[in-house]
Amino acid sequence: MEDAVLEVKNLTKNFDGYLAVNNISFEINRGEIVGLLGPNGAGKTTTIMMLLGITKPNSGKIKIFGLDFETHRKEILNKINFSSAYTYFLERLTVFENLYVFACLYNIKNPSQKIKELLEKFELINFKDKLTLGLSTGQLTRLNLCKAFLNNPELIFLDEPTASLDPDIAKKVHEFLFEARREKNVSMLYTSHNMDEITQMCDRVIFLNKGKIVASDTPLNLTKIIKDSFLTLTFEAPLKKVKEFCLKRGLNFQIPRFNTLEITLKEEEIGKILTQLVREGVKITDIIIKKPDLKDVFLQIVQSKNKSKNRNL
Amino acid sequence: MNLLRIKGIVIQNLFYLRHSLEEFVETFFWPAIDVIIWGFMTTYFTQLKGSLFQVIGFLMAGLILWNIVWRAQQDISMSLLKNVWSKNILNLFSTPLTPGEFVVATMILGLFKIFLTLSVISALAFFLYYFNIFSLGFYLLPFFVNLIAFAWASGIFITGLIVRFGMRIQSFAWSLITLFQPLSAVFYPISILPSFLQKIAWFLPSAHIFEGMREVLKNGMVSSEHLFWAFGLNLIYLILADWFFIFMFEKAREKGKLAKVEI
Numbered sequence: 001m002e003d004a005v006l007e008v009k010n011l012t013k014n015f016d017g018y019l020a021v022n023n024i025s026f027e028i029n030r031g032e033i034v035g036l037l038g039p040n041g042a043g044k045t046t047t048i049m050m051l052l053g054i055t056k057p058n059s060g061k062i063k064i065f066g067l068d069f070e071t072h073r074k075e076i077l078n079k080i081n082f083s084s085a086y087t088y089f090l091e092r093l094t095v096f097e098n099l100y101v102f103a104c105l106y107n108i109k110n111p112s113q114k115i116k117e118l119l120e121k122f123e124l125i126n127f128k129d130k131l132t133l134g135l136s137t138g139q140l141t142r143l144n145l146c147k148a149f150l151n152n153p154e155l156i157f158l159d160e161p162t163a164s165l166d167p168d169i170a171k172k173v174h175e176f177l178f179e180a181r182r183e184k185n186v187s188m189l190y191t192s193h194n195m196d197e198i199t200q201m202c203d204r205v206i207f208l209n210k211g212k213i214v215a216s217d218t219p220l221n222l223t224k225i226i227k228d229s230f231l232t233l234t235f236e237a238p239l240k241k242v243k244e245f246c247l248k249r250g251l252n253f254q255i256p257r258f259n260t261l262e263i264t265l266k267e268e269e270i271g272k273i274l275t276q277l278v279r280e281g282v283k284i285t286d287i288i289i290k291k292p293d294l295k296d297v298f299l300q301i302v303q304s305k306n307k308s309k310n311r312n313l
Numbered sequence: 314m315n316l317l318r319i320k321g322i323v324i325q326n327l328f329y330l331r332h333s334l335e336e337f338v339e340t341f342f343w344p345a346i347d348v349i350i351w352g353f354m355t356t357y358f359t360q361l362k363g364s365l366f367q368v369i370g371f372l373m374a375g376l377i378l379w380n381i382v383w384r385a386q387q388d389i390s391m392s393l394l395k396n397v398w399s400k401n402i403l404n405l406f407s408t409p410l411t412p413g414e415f416v417v418a419t420m421i422l423g424l425f426k427i428f429l430t431l432s433v434i435s436a437l438a439f440f441l442y443y444f445n446i447f448s449l450g451f452y453l454l455p456f457f458v459n460l461i462a463f464a465w466a467s468g469i470f471i472t473g474l475i476v477r478f479g480m481r482i483q484s485f486a487w488s489l490i491t492l493f494q495p496l497s498a499v500f501y502p503i504s505i506l507p508s509f510l511q512k513i514a515w516f517l518p519s520a521h522i523f524e525g526m527r528e529v530l531k532n533g534m535v536s537s538e539h540l541f542w543a544f545g546l547n548l549i550y551l552i553l554a555d556w557f558f559i560f561m562f563e564k565a566r567e568k569g570k571l572a573k574v575e576i
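Residue numbers (the numbering used here), protein chains in the order written: chain A, 1 to 313; chain B, 314 to 576.
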């Protein structure tokens, strides 16, 4: 095992008969960014809550920095942090006051200086004396990130950290997270519903479904699970001829619009199909080739699990 | 006027009442408490033989000292509720902060705020009604300490309930302590209560303090038995309340309620 900062072994959480997390094991190495993906109710939030000590597992072990979480809770919580788009702050305190409270809870030396640095980094310095009540959702998300980096954490849990952010601010947040990893070797557990973001940010992805880990690999290797690519063609004329062409060859296709065809096929067959279509005299006005991405992997995993469940019924 | 729309709003409120324990309880809680307290007070006044000035003294001292209990208990519970309402609980308890540290912090805060409350209401009582709470003399200090301790124990107990059962019972924060008011005999002596209630009342430190307060105002001294019982009971209740809070906090972690305390 490499330098693991987080080791989870056989973690299980059962809420009065509902198995939210079912015997999962994984680890995060120093400086690694790991994505935690899964549909709603998959067990992502419950897992994070157990890693923060907010929820107590029924069984299993959590080790952080090589220490048992239950017996070294305070010591560990001092070196980790958490940011969620769904937590807020005391509304009648200013941005600075809220961060100052957390600086005390994390025992930060020279808190004012640290708060100022973070507020500048996340472009909130002009809101320093504004009541948290008056912040927009995007500003609140950035305030959460300021709180999350207040104690220079070595491990950080990010629950949809860029939800509600404008693309330019989201990009800056990504850059900041990469910088934190590059300069301070910070490890991160990252959840998001934005698959492109996960692909861009994470070294490794863990897929959860119904409380179980159903896949775990690099984003690239996960997309290799799906062999098919997606070819979208737009034509000048109606599709009658093209439809016959596809039916004759037994291709898997859909017609989303009157002049557009989507074919699901293996990557190496794309060239052959295009050449044959041109030979048939079909005029193609636009070609889009899409390789499978994490979203397709996500859908395949969720759908295949649902299918197997239906088969068992 | 559309009867169906009116029915919609009536039904909405009835549905809400069904799911909201606090609204259901408040529907009868406050009127019931008022009836009980005023009933006992009326009984007391009909039997009273002292001067009007002395009666005003009893009432004013009771009112001022009960405010200590009420405010100090609320401060403890509200400290948690403010964080629940702002959805800040996860942020707070994902730091190294322990439940014990949280409780101690709220106690310190409560102490500070109670001094402010006490200063204002005792000044008002003096200037408006010529009643000087400091006429209780040296006894004011043990009375004060015991009432604060009782309020803290109650506040910690109620906060434990809120952590475990969530916002459905948030109104306990400002209503549950009132349940002890008739039994604490704030405005009348314990002898006014029916005998079975008298037996229960003696288990409340506040009952000993208010009984002692009346003795001081009447005779200038209090029997040490009342102070001894108040201190002893408070010690037991504080230990039990702390244990209960930690137990409920751990139960909330087990049940996953701490992550959803705002529900």
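Each residue gets a CB set at the ideal place from its N, CA and C atoms; glycine is no exception.
Inset, instruction - Check the Cβ-Cβ distances between A:Lys56 and every residue of chain B, and say whether any is below 8 Å. - result: Look at A:Lys56: its C-beta is under 8 Å from a C-beta on chain B.
Inset, instruction - Pick out whichever of A:Leu265, A:Thr260 and A:Phe235 has its Cα sitting closest to the Cα of A:Arg249. - result: Of the candidates A:Leu265, A:Thr260 and A:Phe235, the residue whose Cα lies closest to the Cα of A:Arg249 is A:Leu265.
Inset, instruction - List the DSSP bridge partners of A:Arg181. - result: Answer by DSSP bridge pairing: none, since A:Arg181 is not bridged.
Inset, instruction - Pull out every residue of the segment 224-255 of chain A whose Cβ sits closer than 7 Å to any Cβ of chain B, in chain order. - result: Listed in sequence order: no entries.
Inset, instruction - State the DSSP-derived secondary structure class of A:Lys79, mapped to helix, strand or coil. - result: Of the three classes helix, strand and coil, the one that applies to A:Lys79 here is coil, per DSSP.
Inset, instruction - Compare the Cα-Cα distances from A:Arg182 to each of A:Phe207, A:Glu154 and A:Thr191 and report the closest residue. - result: Comparing Cα-Cα distances from A:Arg182 to each of A:Phe207, A:Glu154 and A:Thr191, the minimum goes to A:Glu154.
Inset, instruction - Kindly indicate if chain E contains any beta-carbon less than 8 Å away from that of A:Ser59. - result: Looking for chain E here will not work: the only protein chains present are A and B.
Inset, instruction - Determine whether the Cβ of A:Leu313 lies closer than 8 Å to any Cβ atom of chain B. - result: For A:Leu313, the predicted model reports a pLDDT of 47, less than 50, meaning its position is unreliable; a value from the coordinates is still stated below. Not a single CB atom of chain B sits nearer than 8 Å to the CB of A:Leu313.
Legend entry - Interface residues of the segment 497-518 of chain B facing chain A [CB-CB below 8 Å]: Contacts with chain A (Cβ-Cβ distance below 8 Å) from the segment 497-518 of chain B involve no residue at all.
Legend entry - Beta bridge counterpart(s) of A:Arg204 as assigned by DSSP: Looking at the DSSP assignment, A:Arg204 forms a beta bridge with A:Val34.
Inset, instruction - Over the uninterrupted beta strand (DSSP E) stretch that includes A:Asn252, give me the two end residues. - result: Taken as a continuous stretch (DSSP letters only), the beta strand (DSSP E) holding A:Asn252 covers Asn252 to Arg257.
Inset, instruction - Using alpha carbons as the reference points, say which of A:Ile108, A:Thr132, A:Glu120 and A:Asn151 lies closest to A:Asn318. - result: With chain A running from 1 to 313 in the structure shown, residue 318 of chain A is simply not present.
Inset, instruction - Whole angstroms is fine: what's the gap from B:Gly479's alpha carbon to A:Lys227's? - result: Their Cα atoms are separated by approximately 49 Å.
Inset, instruction - Answer yes or no: does any C-beta atom of chain B fall closer than 8 Å to that of A:Glu175? - result: At least 8 Å separates the CB of A:Glu175 from every CB of chain B.
Inset, instruction - List the whole-angstrom C-beta distance separating A:Ile289 from A:Ser229, where the pair is believed to meet the contact cut-off of C-beta under 8 Å. - result: Contact flag correct, Cβ pair sits at about 6 Å.
Inset, instruction - Consult DSSP for B:Ser390 and reduce its assignment to one of helix, strand or coil. - result: In the structure shown, B:Ser390 falls within a helical segment according to DSSP collapsed to helix, strand and coil.
Inset, instruction - Classify B:Glu580 as helix, strand or coil using the three-state DSSP reduction. - result: Residue 580 of chain B is absent from the model: chain B starts at 314 and stops at 576.
Legend entry - Partners in chain A for B:Leu408, counting only beta-carbon separations shorter than 7 Å: The amino acid occupying residue 408 of chain B in the given sequence is Thr; Leu does not appear at that position. Under the 7 Å cutoff, chain A gives Leu77, Phe102, Leu105 and Tyr106.
Inset, instruction - Use the C-beta contact count for A:Asp3: other C-beta atoms within 10 angstroms, 16 or more gives buried, fewer gives exposed. - result: Around the CB of A:Asp3, fewer than 16 other CB atoms lie within 10 Å, so the residue is classed as exposed.
Inset, instruction - Could you have a look at B:Phe516 and say whether DSSP puts it in helix, strand or coil? - result: Here B:Phe516 sits in coil by DSSP.
Legend entry - Own chain, CB closer than 6 Å to A:Val214, minus 5 neighbours either side, in chain order: Contacts found: Phe207 and Ile301.
Legend entry - Listed by chain order, chain B residues near A:Lys74 by CB distance under 8 Å: By Cβ distance, chain B contributes Pro409 and Thr411.
Inset, instruction - Express the C-alpha separation of B:Phe457 and B:Leu496 in angstroms, rounding to a whole number. - result: For B:Leu496 and B:Phe457, the distance between alpha carbons rounds to 19 Å.
Inset, instruction - Helix, strand or coil for A:Ala320, going by three-state DSSP, please let me know. - result: There is simply no residue 320 of chain A to check, as chain A begins at 1 and stops at 313 in what is shown.
Inset, instruction - Could you check the C-alpha separation between A:Glu91 and B:Gln387 for me, to the nearest Å? - result: If you draw a straight line from the Cα of A:Glu91 to the Cα of B:Gln387, it is about 20 Å long.
Legend entry - Cβ shell of B:Ile513 (< 8 Å), same chain only, five flanking positions each side left out: Only Leu496 meet the Cβ criterion.
Inset, instruction - Measuring only between beta-carbons, confirm whether B:Ala486 sits less than 8 Å from chain A. - result: Not one chain A Cβ lies under 8 Å of B:Ala486.
Legend entry - Those runs of the alpha helix (DSSP H) which lie wholly inside the segment 208-233 of chain A and span at least 4 residues: For the segment 208-233 of chain A, whole alpha helix (DSSP H) runs of length 4 or above, ordered along the chain, are 219-223.
Legend entry - Given B:Gly473 as reference, the closest of B:Glu335, B:Met391 and B:Ile377 once Cα atoms are compared: When each option's Cα is compared against that of B:Gly473, the closest is B:Met391.
Inset, instruction - Could you tell me if A:His193 is buried or exposed, where buried requires 16 or more neighbouring beta carbons within 10 angstroms of its beta carbon? - result: With fewer than 16 neighbouring CB atoms inside 10 Å of its own CB, A:His193 falls in the exposed class.
Inset, instruction - Out of A:Leu19, A:Leu52, A:Asn29 and A:Leu99, point me to the one whose CA is closest to B:Ala572's CA. - result: Measuring from the Cα of B:Ala572, the nearest candidate turns out to be A:Leu52.
Inset, instruction - Determine the extent of the beta strand (DSSP E) in which A:Ser59 is found, giving its start and end residues. - result: For A:Ser59, the uninterrupted beta strand (DSSP E) segment begins and ends at Ser59 to Ile64.
Legend entry - Identity of the residue in A:Gly281, A:Ser112, A:Thr94 and A:Lys291 nearest A:Glu269 by Cα: Nearest to A:Glu269 by alpha-carbon distance, out of A:Gly281, A:Ser112, A:Thr94 and A:Lys291, is A:Lys291.
Inset, instruction - Have a look at A:Leu313 and A:Asn40 and give me their C-alpha separation to the nearest angstrom. - result: With a pLDDT of 47 at A:Leu313, under the threshold of 50, the modelled position of that residue is not reliable, and the figure given next carries that caveat. Going from the Cα of A:Leu313 to the Cα of A:Asn40 covers about 22 Å.
Legend entry - Chain-ordered chain A contacts of B:Asn396 [CB-CB under 9 Å]: Chain-ordered, the chain A residues with CB closer than 9 Å to the CB of B:Asn396 read Leu90.
Inset, instruction - Have a look at A:Arg30, A:Thr87 and A:Glu123 and flag the residue whose alpha-carbon is nearest the alpha-carbon of A:Ala180. - result: Just measuring C-alpha positions, the residue of A:Arg30, A:Thr87 and A:Glu123 sitting nearest A:Ala180 is A:Arg30.
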